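Q: Pasting in a structure now, in structure tokens, and then I'll have a few things to ask.
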Amino acid sequence: MAIDSRKIIELASGLPMASDEKGMIAAFGVYVVMNYNEFFFKLVSRIITMVDDAEAQAVEQKLYDAVLECGYHTFQGARSSMDWRDLILPMIKTPEDEIHALVAFTNMLGIGYIEVEELIPGKRLVTTVRNAYDPGRYLEEYGPQPRGRCYMFNACTASYMDLVYAAPYPNGMGTFTSKEVMCRSMGNPTCRFVAEIHQLT
Amino acid sequence: MTIVPSLKFDSEHNIIEFDGALISLHCHHYNCGLLKTIEEISQIDGHAVIVETAAEQFFRSFRELLSKASKEMSPDQALQEASELYRFMGFGRLDLTELTARGGIAYGYSSYYVTSWLAKYGRRDTPVCYFTCGFIAGIVGAVFDVAPQTYDVKERQCMMLRHKRCEFVVTKKPNGD
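Top line first, the protein sequences correspond to chains G and U.
Going by the numbering used here, 115 is the number at position 115 of the first sequence; the sequence numbering is gapless.
Going by the numbering used here, 1150 is the number at position 150 of the second sequence; the sequence numbering is gapless.
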């Protein structure tokens, strides 16, 4: 594997990402804001605990979909940028390298450290995160959870596979589906995500 | 010289510290998707939850920021710093200079949520800056040292509706002494 993840993180985190005179941060084809992790935790946790379980599951699916769009478009913006072409593309020799590069790129967004545990080309990606913010807060505020709470990492894991192995952008989104099979909010020691080809049920 | 601190990125753990709290970067696909998801829930007043949560967050975090300032600030200076914080975080341009402890009007001259929603979903016929309403309520509470629930903030004009600027009316709630 030719990817130097540490180098990608250093390069990506060093790119200018400041707000302009209008107070907007445009980067990689998307508008970015920085916001407190606690804000997102409180907002989402309040919403899903205020509604009944059927509605909560519908909300969770929509959050997954929102993140999938976020990851799919943002990572596409990153991999088609001049910075990527100049700094990161020379390291990429195979589709699998690109998966590792996208995961490394994610590791500059401030959402916790995601790692590849297993990659079967074109079929399956397993990622893990040890320090996601939300699971610990769910345990503190609400106790053990019935389902994983890491929508961000879960959908990102699918988006890497969609971009690299599915139909070319923008037609591949949703080809892979990820499941959070372990979550610290459920009492597991780490959070684990498995993305595989989406099976229609 | 602003009191808004710089970011500290921990590359070993992918966390970003900002004045002692953790923040993260999110794109408009997620933020607009989150807002749309919340707006579609019929069982709750989602807008109220957004406003309350933002108000609590920015009350706490901005009060913390003010407490660390090297010299005591006047309310006017503090409100100016809050506008800078809003800009720095990528939410747009906000003029808070007309606000006092009694309330007043704040003006938005560019809005992340307007720009983002237009980019993702196109125009809508309702205001979209609920987060900003909460931001303002929290900031005014922090600056005048009262609970963020003291103030009611309503967006009476929004650039989403083709108004020239967003306007936020800040009033004290009936029980907000």
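Heads up, the beta-carbon is just placed ideally off N, CA and C, and yes, glycines get one too.
Bear in mind that the values here come from a model prediction, so they are computed numbers and not experimental data.
1) Measuring only between beta-carbons, confirm whether residue 1132 of chain U sits less than 7 Å from chain G.
2) Taking the alpha carbon of residue 79 of chain G as the reference point, which residue from G:92, G:153 and G:67 has its own alpha carbon closest?
3) Leaving out five residues before and five after residue 1002 of chain U in sequence, what residues of the same chain have Cβ atoms less than 7 Å from its Cβ?
4) Compute the distance between the beta-carbons of residue 71 of chain G and residue 159 of chain G, then report whether it is under 7 Å.
5) Measuring only the C-alpha atoms, how far is residue 1164 of chain U from residue 125 of chain G?
6) Any C-beta of chain U sitting closer than 7 Å to the C-beta of residue 159 of chain G?
7) Which bits of chain G does residue 1166 of chain U rub up against, with CB to CB less than 9 Å?
8) Can you list the alpha helix (DSSP H) stretches of 4 or more residues lying completely in the segment 123-151 of chain G, in chain order?
9) Verify whether the separation of the beta carbon atoms of residue 166 of chain G and residue 175 of chain G is less than 7 Å.
10) Using DSSP bridges, identify the partner residues of residue 191 of chain G.
11) For a contact meaning CB atoms closer than 8 Å, what does residue 1119 of chain U contact in chain A?
12) Measure the alpha-carbon distance for residue 1073 of chain U versus residue 1066 of chain U and round it to whole angstroms.
13) Taking residue 1096 of chain U as the reference, give the member of U:1140, U:1146, U:1016 and U:1045 with the closest Cα.
14) Please work out which residues of its chain come closer than 6 Å, Cβ to Cβ, to residue 161 of chain G, disregarding the five sequence neighbours upstream and downstream, and give them in chain order.
15) For residue 178 of chain G, which residues does DSSP report across the bridge?
16) Note down, in chain order, every chain U residue with its Cβ under 8 Å from the Cβ of residue 112 of chain G.
17) Short check: CB of residue 34 of chain G to CB of residue 1160 of chain U, under 7 Å?
18) Residues of the segment 42-63 of chain G in Cβ contact with chain U at a cutoff of 8 Å, in chain order, please.
19) Going by C-alpha to C-alpha distance, which of G:36, G:113 and G:19 sits closest to residue 30 of chain G?
20) Exposed or buried, which one is residue 37 of chain G when buried takes at least 16 other CB atoms within 10 Å?
21) Got a sec, what are the start and stop residues for the beta strand (DSSP E) residue 1105 of chain U sits in?
22) Using 7 Å as the threshold, is the C-beta distance between residue 1116 of chain U and residue 1093 of chain U below it?
23) Please name the residue, chosen from G:64, G:188 and G:63, that lies closest to residue 146 of chain G on a Cα-to-Cα basis.
24) Closer than 6 Å by C-beta to residue 190 of chain G: which residues in its own chain qualify, once you throw out the five before and the five after it? Chain order, please.
25) Please report how far the alpha carbon of residue 157 of chain G lies from the alpha carbon of residue 103 of chain G, in whole angstroms.
26) Name, in chain order, the residues that DSSP records as bridge partners for residue 107 of chain G.
27) Name the chain U residues whose beta carbon is nearer than 8 Å to that of residue 38 of chain G?
28) When Cβ atoms are compared, which residues of the segment 1031-1043 of chain U fall closer than 7 Å to chain G?
29) Do you know how far the Cα of residue 1129 of chain U is from the Cα of residue 1158 of chain U?
30) At the 7 Å Cβ level, is residue 70 of chain G part of the contact set with chain U, yes or no?
31) Using 7 Å as the limit for Cβ to Cβ distance, is residue 202 of chain G near chain U?
32) Give a yes or no on whether the minimum CB-CB distance between residue 1085 of chain U and chain G is below 7 Å.
A: So, to answer that:
1) For residue 1132 of chain U, the answer is no, since every Cβ of chain G falls outside 7 Å of its Cβ.
2) Considering only alpha carbons, the answer is G:92.
3) Residues 1081 and 1084 of the same chain have their beta carbon placed closer than 7 Å to that of residue 1002 of chain U, with the five preceding and five following residues left out of the count.
4) Yes, the Cβ-Cβ distance between residue 71 of chain G and residue 159 of chain G is below 7 Å.
5) For residue 1164 of chain U and residue 125 of chain G, the distance between alpha carbons rounds to 48 Å.
6) It does not; no Cβ of chain U falls within 7 Å.
7) The premise fails here: residue 1166 of chain U is roughly 12 Å from chain G at the closest Cβ pair, so nothing lies under 9 Å.
8) Restricted to the segment 123-151 of chain G, the alpha helix (DSSP H) segments that are unbroken, complete and at least 4 residues in length are 133-142, listed in chain order.
9) In terms of Cβ geometry, residue 166 of chain G and residue 175 of chain G form a close pair [threshold 7 Å].
10) Here residue 191 of chain G is bridged, per DSSP, to G:129.
11) Reference to chain A is not applicable here, since the protein chains of this structure are G and U.
12) Taking the straight line from one Cα to the other gives about 8 Å.
13) It is U:1140 whose Cα lies nearest to the Cα of residue 1096 of chain U.
14) 125, 176 and 195, listed in sequence order.
15) Bridge partners of residue 178 of chain G: G:195.
16) Within 8 Å Cβ-Cβ: 1013, 1014 and 1015.
17) No.
18) Along the segment 42-63 of chain G, going in chain order, the ones with a CB nearer than 8 Å to a CB of chain U are 42, 43, 44, 46, 47, 50, 51, 52, 55, 59, 62 and 63.
19) Closest in C-alpha terms to residue 30 of chain G, from the list G:36, G:113 and G:19, comes G:19.
20) A residue is called buried when at least 16 other Cβ atoms come within 10 angstroms of its Cβ; residue 37 of chain G meets this threshold and is buried.
21) According to the DSSP assignment, residue 1105 of chain U belongs to the beta strand (DSSP E) that extends over 1103-1111.
22) For residue 1116 of chain U and residue 1093 of chain U, no; Cβs fall outside 7 Å.
23) Out of G:64, G:188 and G:63, the CA that lies nearest to the CA of residue 146 of chain G is found in G:188.
24) If the five residues before and after residue 190 of chain G are omitted, its C-beta is found closer than 6 Å to the C-beta atoms of 128 and 130, all from its own chain and listed in chain order.
25) Answer to the nearest angstrom: the Cα atoms are 8 Å apart.
26) Per DSSP, residue 107 of chain G has no beta bridge partner at all.
27) Scanning chain U for C-beta atoms nearer than 8 Å to the C-beta of residue 38 of chain G yields 1021, 1022 and 1057, reported in chain order.
28) Answer in chain order: 1031, 1033, 1034, 1037, 1038, 1041 and 1043.
29) Cα atoms of residue 1158 of chain U and residue 1129 of chain U: separation of roughly 8 Å, rounded to the nearest angstrom.
30) Chain U, which has a Cβ nearer than 7 Å to the Cβ of residue 70 of chain G, makes this yes.
31) In the structure as shown, chain G starts at 1 and stops at 201, and residue 202 of chain G therefore has no counterpart that could be examined.
32) Judged by the 7 Å Cβ criterion, residue 1085 of chain U is not in contact with chain G.
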